[in-house]
Amino acid sequence: MKALVYTSPMELEYRDEPDPMPEAGEALIRVEASGICGSDMHAYYGHDERRPAPLILGHEVSGEVVSGSRKGQRVVVNPLVTCGQCDDCLSGRANLCRSRQIISMQPRQGAFSELLRMPERNLVTLPDDMSYAHAALTEPVATAMHAVLEGERLGRRPMADSRVLVLGGGAIGISVALILYSHGCRNIRLGETNQLRRQTVERTGSCEVYDPLNDPAPEADSWDIVIDAVGGAATREASSKAVKPGGVVVHIGLMDNNGGLDVRKFTLQEVTFIGCYTYTMVDVRATVNALYSGALGSLDWIEQRPLSEGAAAFADLAAGNTPAAKIVLIPNRT
Ligand SMILES: [Zn+2]
Ligand SMILES: [Zn+2]
88 MKALVYTSPM
98 ELEYRDEPDP
108 MPEAGEALIR
118 VEASGICGSD
128 MHAYYGHDER
138 RPAPLILGHE
148 VSGEVVSGSR
158 KGQRVVVNPL
168 VTCGQCDDCL
178 SGRANLCRSR
188 QIISMQPRQG
198 AFSELLRMPE
208 RNLVTLPDDM
218 SYAHAALTEP
228 VATAMHAVLE
238 GERLGRRPMA
248 DSRVLVLGGG
258 AIGISVALIL
268 YSHGCRNIRL
278 GETNQLRRQT
288 VERTGSCEVY
298 DPLNDPAPEA
308 DSWDIVIDAV
318 GGAATREASS
328 KAVKPGGVVV
338 HIGLMDNNGG
348 LDVRKFTLQE
358 VTFIGCYTYT
368 MVDVRATVNA
378 LYSGALGSLD
388 WIEQRPLSEG
398 AAAFADLAAG
408 NTPAAKIVLI
418 PNRT
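Everything in the sequence shown is counted per my numbering, starting at 88 for the first residue and increasing by one.
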């Protein structure tokens, strides 16, 4: 098969690779679309020691099953492979499974390729007329869905009455805003430093957008929920300032690991802080329904490019040269 292989920092090679061999309980998927994630970029920069080269990246994938009992089905993949037997898996929190593996991290290759092997229980069937490119958004949008649902669970008032601040306007941040809007929230502000991305978020009509570097900071102590989709020291500091007494900070981003939190304020003002990681199968199914129903709008903030030109797509993302909140790579077939 053809695959886009990460060979060394800032280098990707489109080349022939051996076809994956499905194991017991697994199916072979013919990949139809796979999105480039912030975590793929992190690996591409050489910053992720869990993803050493050479490796096929990519975990946001839709396609058609070509082997096993589900052959012929159009599916989206839950890329998180879990044991299915531990306390966390059995209590509906499989995202916390201690033996979890995500594809695009050894021992599992990723999805920037023509074929992918996947446990059959990780596949969710798609409606016949749902586009593969939209379906490939399921993974990042499910991450946003999980975060919004956790914020909703911990918040003290209905979404329709809440003021929510979102930090970051990439695929996760934009999805958070669209999900909040679809849940009735009409008081959403979103901060994003990249001007092209700000315009993309603005066009969705779901929220008010600002530039964290040049516009005044959001009012301090006044947001019921702050959702940090960047996860850096600067956004943690902004979250700490913005959240109101008794409010909730939902932390999804994985940019860096130190600094920014005002733990004293959290203590004195009973702020709830929660980290959110990925999603459960329930979130994945809810996300397919939301994407398909049109509840999240037209989804025109994605850009499709051929897999063979994936290296240029990574370079454009690294340079901040694209307005797209998500680039989806489509394997070249004639
Ligand atoms: Zn992702
Ligand atoms: Zn488990």
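All C-beta atoms in this analysis are idealised placements derived from N, C-alpha and C, irrespective of residue type, glycine included.
Status (buried if at least 16 other CB within 10 Å, exposed otherwise) for residue i
i, result
"residue 93", "buried"
"residue 138", "buried"
"residue 323", "buried"
"residue 227", "buried"
"residue 182", "buried"
"residue 337", "buried"
"residue 279", "buried"
"residue 95", "exposed"
"residue 209", "buried"
"residue 246", "buried"
"residue 354", "exposed"
"residue 350", "exposed"
"residue 196", "buried"
"residue 136", "exposed"
"residue 224", "buried"
"residue 284", "buried"
"residue 192", "buried"
"residue 237", "buried"
Residue j beta carbon less than 7 Å from that of residue i
i, j, result
"residue 371", "residue 391", "no"
"residue 148", "residue 118", "yes"
"residue 272", "residue 309", "no"
"residue 412", "residue 257", "yes"
"residue 287", "residue 384", "no"
"residue 222", "residue 266", "no"
"residue 254", "residue 317", "yes"
"residue 214", "residue 112", "no"
"residue 348", "residue 327", "yes"
"residue 359", "residue 335", "yes"
"residue 251", "residue 312", "yes"
"residue 105", "residue 202", "no"
"residue 134", "residue 166", "no"
"residue 99", "residue 325", "no"
Residue i beta carbon near ligand 1 (any heavy atom closer than 6 Å)
i, result
"residue 363", "no"
"residue 226", "yes"
"residue 272", "no"
"residue 390", "no"
"residue 124", "yes"
"residue 46", "In the structure as shown, the chain begins at 88 and stops at 421. Residue 46 is therefore absent and cannot be evaluated."
"residue 147", "yes"
CB-CB length for residue i against residue j, believed under 8 Å
i, j, result
"residue 211", "residue 369", "Not really, about 11 Å apart at Cβ, beyond 8 Å."
"residue 329", "residue 305", "5 Å"
"residue 198", "residue 190", "6 Å"
"residue 395", "residue 101", "5 Å"
"residue 219", "residue 150", "7 Å"
"residue 115", "residue 204", "6 Å"
Residue-level contact to chain C via CB, residue i, 7 Å cutoff
i, result
"residue 199", "In summary, chain C is missing from the structure at hand, where a single protein chain is found."
Quick one: residues with CB closer than 5 Å to any heavy atom of ligand 2, in chain order, please. 169, 170, 173, 176 and 184
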